[in-house]
Structure formats: structure tokens, C-alpha cells
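Beneath this line is the structure, given in C-alpha cells, with notes to follow.
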Amino acid sequence: MTDILAQHWVGRTLAGYRILLECERGHSSVVFVGQDLLTHAPVAIKVIPPGPYADAVAAVAPTLSALDHPHIARLLTSGQVEQHFYLVYEFVPFRPPSHASPTFDATNLFSKHLAEYVQEQPTLLPLSLVIDMLQQLLDALIYAHGFRAPGTDIPYGSVRPEQVLVQLTPAGRPHLRFISFGLPQPPHRRAPADAYLSSEQLQGRPATQVSDIYALGALAYLLAIGIAPPAPLVPPSHIRSDASPAWDAFIQRALAFAPENRFHDFEDMRRALLDLRESLRSPSLLARMKTALFVNVVTGLIVVAALIAAVAYYYKTRGTSTVPPQTDIEVVSDNTSSPPLPPPPTQGEEDRVIIVDDSPTSARPTAAAAQPALDLSGSVALAGATLTTAPSPSATAPPTNLPSPKPAPQPASQPQLPTAASLAPQPPSPPPSPTPTPHPVVRSYTVKQGDTLFSIARAHQIPLHHLLAYNHLTTASVIKVGQTLLIVPPAAAPIPPQQPVSYTH
Numbered sequence: 221m222t223d224i225l226a227q228h229w230v231g232r233t234l235a236g237y238r239i240l241l242e243c244e245r246g247h248s249s250v251v252f253v254g255q256d257l258l259t260h261a262p263v264a265i266k267v268i269p270p271g272p273y274a275d276a277v278a279a280v281a282p283t284l285s286a287l288d289h290p291h292i293a294r295l296l297t298s299g300q301v302e303q304h305f306y307l308v309y310e311f312v313p314f315r316p317p318s319h320a321s322p323t324f325d326a327t328n329l330f331s332k333h334l335a336e337y338v339q340e341q342p343t344l345l346p347l348s349l350v351i352d353m354l355q356q357l358l359d360a361l362i363y364a365h366g367f368r369a370p371g372t373d374i375p376y377g378s379v380r381p382e383q384v385l386v387q388l389t390p391a392g393r394p395h396l397r398f399i400s401f402g403l404p405q406p407p408h409r410r411a412p413a414d415a416y417l418s419s420e421q422l423q424g425r426p427a428t429q430v431s432d433i434y435a436l437g438a439l440a441y442l443l444a445i446g447i448a449p450p451a452p453l454v455p456p457s458h459i460r461s462d463a464s465p466a467w468d469a470f471i472q473r474a475l476a477f478a479p480e481n482r483f484h485d486f487e488d489m490r491r492a493l494l495d496l497r498e499s500l501r502s503p504s505l506l507a508r509m510k511t512a513l514f515v516n517v518v519t520g521l522i523v524v525a526a527l528i529a530a531v532a533y534y535y536k537t538r539g540t541s542t543v544p545p546q547t548d549i550e551v552v553s554d555n556t557s558s559p560p561l562p563p564p565p566t567q568g569e570e571d572r573v574i575i576v577d578d579s580p581t582s583a584r585p586t587a588a589a590a591q592p593a594l595d596l597s598g599s600v601a602l603a604g605a606t607l608t609t610a611p612s613p614s615a616t617a618p619p620t621n622l623p624s625p626k627p628a629p630q631p632a633s634q635p636q637l638p639t640a641a642s643l644a645p646q647p648p649s650p651p652p653s654p655t656p657t658p659h660p661v662v663r664s665y666t667v668k669q670g671d672t673l674f675s676i677a678r679a680h681q682i683p684l685h686h687l688l689a690y691n692h693l694t695t696a697s698v699i700k701v702g703q704t705l706l707i708v709p710p711a712a713a714p715i716p717p718q719q720p721v722s723y724t725h
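Following the numbering used here, the numbering of the sequence shown begins with 221 at its first residue and continues without gaps.
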């Protein structure tokens with residue numbers, strides 16, 4: 221707008237509102253920030269130069285001023301000055317003031333539209349919040365187009381991210397409000413790749429209700445995925461795991477190329493949104509199967525742990541029984557002066573261990589003295605057996621003048637007793653050293669003909685917002701052939717904080 225200069229308008233007063241500064245300049249109008257001289261509240265003043273578009277806005281302005289809805293910014297007044305038509309709207313700040321101030325506060329002059337709000341979020345919005353935000357817009361559209369004024373209908377085509385402002389509630393939830401709602405579309409050429417325009421609008425035909433349904437579907441994709449719907453369309457379930465196939469069907473129907481394949485009207489679209497909300501509340505069959513499997517596995521582990529504890533308790537109480545276990549150990553001595561020990565009674569399948577003492581008589585102690593040296597109760601090979609005490613020989617000592625008997629030959633099949641060193645538990649072998657995992661590699665990529673940000677992110681298997689963050693780009697950025705991009709795998713480094721961007725109304 222070359223004929224509306226800020227220095228000619230700033231400081232002027234229109235219908236009790238003073239113009240303070242220029243806020244936004246478009247193809248057919250200029251928006252200024254103003255102030256109510258009575259309440260000191262900020263307002264938005266749109267000035268339109270004389271022409272056919274100003275006449276069309278003047279025709280619909282009385283109807284728009286009668287709209288009163290929580291999700292539509294109110295049109296306070298309108299008029300004409302020096303053949304320019306102006307509209308005064310209530311200002312929608314991003315963070316409303318916490319208390320009423322009698323003086324003008326410049327901190328209330330910051331507003332944020334829907335695309336800016338989505339791009340600033342660190343993660344994708346929850347699907348329940350996406351449904352809530354879409355229902356706010358649908359409620360406003362159903363109210364506005366159901367509102368009937370004599371001789372005037374509100375035109376369609378007001379559903380775009382730049383015309384939806386976000387205002388945070390005290391609880392921090394987004395409250396959406398349409399700005400410049402119901403104004404006729406200015407007569408300028410639209411971009412051929414505008415993702416929020418339907419096929420009939422791109423062909424130059426006027427917007428209808430199904431055209432706004434297409435724009436709402438594009439906004440739903442922006443809220444759920446974080447970007448405008450690409451071409452070809454990628455289903456939401458391919459990008460986020462919590463999106464069910466019902467979300468794919470909803471987006472594909474809203475963004476159908478043919479108008480007759482979309483939702484019939486706003487009420488039909490709202491019913492589909494309610495079905496999506498119910499699908500979020502009631503878990504799917506797969507989720508129920510996963511829950512049942514988890515419960516069964518936990519129950520099985522508890523039963524197995526109880527059985528192991530019962531078996532351990534059983535063997536523990538059995539090992540502390542007061543009845544001494546039987547043993548089958550026989551001590552054979554070749555001392556001819558002592559009477560031979562009677563053999564123990566033969567028992568079923570128990571093993572027999574024969575210990576032969578072939579030491580000389582002079583070096584061998586008596587049976588009573590040698591008995592403690594044969595304590596094998598701690599041996600692992602004789603677990604569960606106790607050594608039987610041999611009967612003491614006669615109290616009369618044998619004569620010392622008897623010739624020493626010859627040692628009896630040891631049978632060839634005599635078993636060898638294991639030593640304590642061989643029965644000692646061996647220390648466990650050290651675990652193998654872990655194999656070092658390779659570190660992710662940060663690479664650079666040169667943009668080729670036909671590349672897009674989405675195709676580059678998908679080819680290198682990295683999230684799109686990761687690629688945008690490390691290269692200081694946004695979804696609206698344009699990449700050129702030969703441009704070098706930094707490819708950082710998610711495991712190599714965390715996502716850097718995005719640079720703050722100043723936004724205007």
C-alpha cells in the first residue's frame with residue numbers, strides 16, 4: 221500500500237481511537253495499533269484505500285459488527301475518512317494483562333497467530349488439544365454462518381493461520397479467536413502452492429463452505445504435525461505413533477481434491493471430531509491386547525516367584541530336621557592288635573566310601589585320638605552324611621614286643637578322596653569387555669535439484685524439526701540448489717533451542 225503512509229496516519233484520531241503505530245501492511249490494507257481514549261485499551265485499526273474492495277467491506281461491515289462470539293474478535297466500529305474506509309477491532313494480545321491498568325501498557329501489544337504458536341512449541345501438540353482447538357474454530361464458523369442479518373450473508377474464506385490469533389488463558393491453554401472475520405477476499409492473485417486454499421479457490425472460483433472445510437483440514441494437519449500439509453500428503457500416523465488410522469481418514473477426507481468428497485458441512489466435520497475424541501478416550505483393540513498381555517506376564521512372574529519361594533522354604537526346613545541322617549562310611553585299620561570293626565549293614569542304593577589307614581603302628585594314634593582327624597562333615601563330596609564313631613578298642617594296651625605287621629596292599633580299585641582345594645568354589649571368570657559402540661557422524665549435505673526439506677529429512681532418517689533447528693530454518697524457508705545443510709543425527713546431540721522470533725499482528 222503505497223498511498224497509505226504511516227507518517228500521515230500515526231497520531232490521528234478516528235471515532236475516539238488514536239492511531240499509535242503501524243503494525244502490518246498487506247496487499248489491500250494497512251493495520252495500525254491504536255488506543256481507546258476513554259478506556260486506554262489497545263485496539264487494531266484497519267485502513268482500506270478507496271476502491272471496489274473498500275466498497276465491498278463497507279457493505280458487510282454492519283453485519284460483522286453484530287457478531288458476538290468468544291472465538292471471534294469483535295468489530296467495535298467502522299467508518300470512512302478522506303474516502304478511506306476503516307475498521308476498529310478489539311486487540312487480541314497473546315498474554316492478556318493480569319490486572320486492569322488505568323494507563324496504557326505496551327506489553328499488551330504483542331499478538332501471535334496460529335502458525336507462529338505451533339512453530340514455537342518444543343514438541344507436537346497432544347491430539348486432545350488439537351481436537352479442542354479445531355472445535356473452537358468450528359463453533360465460531362457455525363455461529364457466524366448461521367447468523368442471519370436482513371439482506372446480507374457473511375462470505376466464506378476467512379480460515380487461514382494468519383487470521384486466527386492465539387490468546388493464552390490463565391491456565392496456559394490456547395484460546396483461538398478469528399480476526400478480520402467475514403471480510404471479502406481482496407482481489408489479488410494467490411500463490412499457486414498455497415496449502416490452505418482448495419482446488420476451486422486456486423482455479424479462481426469463490427470460496428464456499430466446503431472451501432473452508434478444506435482450510436480447516438489443513439489447519440488440523442498443521443496442529444497435529446507442525447507443518448502445512450505437503451504434496452503428496454503424508455498420513456499423520458506415519459509421522460506420530462499416537463495418531464490412529466482414524467486420523468488419517470479424517471485428514472484425507474477434509475483435504476479431498478474434489479469438493480463433493482469432503483465433509484458435507486461444518487456439523488458433519490464436528491461429528492467426525494467427536495468420534496476422534498471418543499477414540500482417544502476408549503483404547504483401541506491393540507491397546508487393550510497390550511494391556512492384557514502385560515497383566516498376564518506380571519501375574520505369571522508373581523506365580524513363578526511364589527513357587528520358587530515355596531520350594532526354597534521346603535528345602536530349608538528339610539535341611540534343619542532333628543533326625544540325624546544315616547551314613548555309610550567304614551574305617552578299616554590294619555592294626556592286628558585291635559579287633560576288626562563289624563561291617564555296617566548294607567543299605568539300598570547308597571554309596572560306600574572306604575578309608576584305609578596304612579600308617580605304622582608306632583606313628584598312628586589310637587582310634588579315640590585319631591577320630592577328630594577324620595571329620596569330613598564339611599566336604600562337598602560327602603554332603604548329607606555324618607561320620608560314624610568307631611567303637612573304642614580294649615582299654616588294655618597291646619604288647620610292644622609284637623612284631624609290626626606288614627602294611628596291607630591297597631586295592632587297585634580304591635577310590636581317591638577329593639581334596640579340599642579341589643572342592644573349593646572357583647572364582648568366577650571376569651565378564652568380557654563391552655564392544656564400544658560407534659559414535660554418530662555429523663555430515664553436511666548439498667541441496668540438489670528437486671530436493672525439499674521434507675525429502676532431505678526423510679532420506680537421512682532424521683526428524684524434520686531437527687533438520688530445521690540445526691540449520692536455523694523454518695517450514696517457510698526456501699532452499700536453493702548448491703546450499704549446504706548440516707545433517708545432525710538425533711543421537712549425536714540434543715535439539716538446540718530455537719532462536720526467538722519477534723512477531724507482529
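No residue lacks a Cβ here, since even glycine has one placed at the ideal position from N, Cα and C.
In whole angstroms, give me the CA-to-CA distance for residue i and residue j.
i, j, result
"Gly-299", "Val-267", "10 Å"
"Ile-676", "Ala-261", "47 Å"
"Gln-421", "Val-661", "46 Å"
"Phe-514", "Ala-530", "25 Å"
"Leu-361", "Ala-274", "24 Å"
"Tyr-690", "Met-353", "30 Å"
"Ala-466", "Ile-528", "47 Å"
"Val-524", "Ala-532", "12 Å"
"Ala-512", "Gly-520", "12 Å"
"Val-263", "Ala-492", "37 Å"
"Ser-378", "Asp-432", "8 Å"
"Ala-435", "Leu-684", "23 Å"
"Thr-695", "Arg-232", "39 Å"
"Ser-272", "Ala-286", "According to the sequence shown, residue 272 is Pro rather than Ser. About 23 Å."
"Leu-241", "Ala-438", "33 Å"
"Ala-281", "Asp-373", "11 Å"
"Pro-407", "Asp-462", "42 Å"
"Leu-225", "Thr-297", "22 Å"
"Leu-494", "Gln-356", "13 Å"
"Asp-671", "Leu-705", "12 Å"
"Ala-171", "Gln-339", "Given that the chain is displayed from residue 221 to residue 725, the structure contains no residue 171 and the question cannot be resolved."
"Val-303", "Gly-254", "According to the sequence as given, residue 303 is Gln; it is not Val. Approximately 20 Å, taken between the alpha carbons."
"Glu-310", "Arg-678", "43 Å"
"Val-384", "Ala-276", "22 Å"
"Ala-427", "Ser-697", "28 Å"
"Thr-259", "Leu-234", "15 Å"
What are the residues that DSSP puts in a beta bridge with residue i?
i, result
"Gln-387", "His-395"
"Val-523", "In DSSP, Val-523 forms no bridge with anything."
"Gly-299", "Tyr-306"
"Arg-245", "Val-250"
"Pro-262", "Gln-255"
"Leu-705", "Tyr-665"
"Leu-688", "DSSP output for Leu-688 lists no bridge partner at all."
"Tyr-237", "Leu-234 and Asp-256"
"Val-267", "Val-250 and Tyr-306"
"His-333", "Leu-385"
"Ile-292", "Phe-398"
Going by beta carbon distance, what residues of the same chain come within less than 7 Å of residue i, once the five residues before and after it are set aside?
i, result
"Trp-229", "Ile-239, Phe-252 and Val-267"
"Ser-419", "Phe-477"
Who are the near neighbours of residue i in its chain, counting only those whose CB is closer than 6 Å to its CB and skipping five residues on each side?
i, result
"Tyr-363", "His-289"
"Gly-236", "Leu-257"
"Pro-342", "none"
"His-395", "Gln-387 and Thr-389"
"Pro-455", "Asp-468"
"Leu-673", "none"
Sorry if obvious, but does the Cβ on residue i come closer than 7 Å to a heavy atom of the ligand HEM?
i, result
"Glu-242", "Absent from the structure shown: the ligand HEM. Ligands present: none."
Please go through the same chain and pick out, in chain order, the residues whose beta-carbon is closer than 8 Å to the beta-carbon of residue i, but skip the five residues on each side of it.
i, result
"Phe-330", "Pro-313, Phe-314, Arg-315 and Tyr-723"
"Gln-429", "His-365, Tyr-376, Asp-485 and Phe-486"
"Lys-668", "Val-701"
"Ala-180", "Nothing can be reported for residue 180: it is not among the residues displayed for the chain, which extend from 221 to 725."
"Arg-380", "Tyr-416 and Ala-435"
"Met-489", "Leu-358, Ile-433, Leu-436, Ala-474 and Phe-483"
"Leu-497", "A small fix is needed here, since residue 497 is Arg in this sequence, not Leu. Taken in chain order, the residues that qualify are Ser-348 and Ile-351."
"Leu-344", "Ala-444, Ile-445, Gly-446 and Arg-460"
"Ile-682", "Ile-707, Val-708, Pro-709 and Pro-710"
"Leu-693", "Leu-673, Leu-687 and Ile-699"
Say whether chain B places a C-beta atom closer than 8 Å to the C-beta of residue i.
i, result
"Leu-396", "Annotation note: the requested chain B is absent from the structure, which comprises a single protein chain."
Whether or not the region 415-422 and the region 438-452 are in contact is what I'm after, with contact meaning three or more pairs of Cβ atoms, one per stretch, closer than 8 Å; do they touch? They touch, by the three-pair rule.
Just to confirm the assignment: which complete alpha helix (DSSP H) runs, minimum length 4, are found wholly within the region 419-474? Positions of the alpha helix (DSSP H) runs, each at least 4 residues long and wholly inside the region 419-474, are given as 419-422, 429-445 and 465-474 in order along the chain.
On the three-pair Cβ rule with 8 Å, is the region 286-301 touching the region 393-400? Cβ pair count under 8 Å is three or more, so yes.
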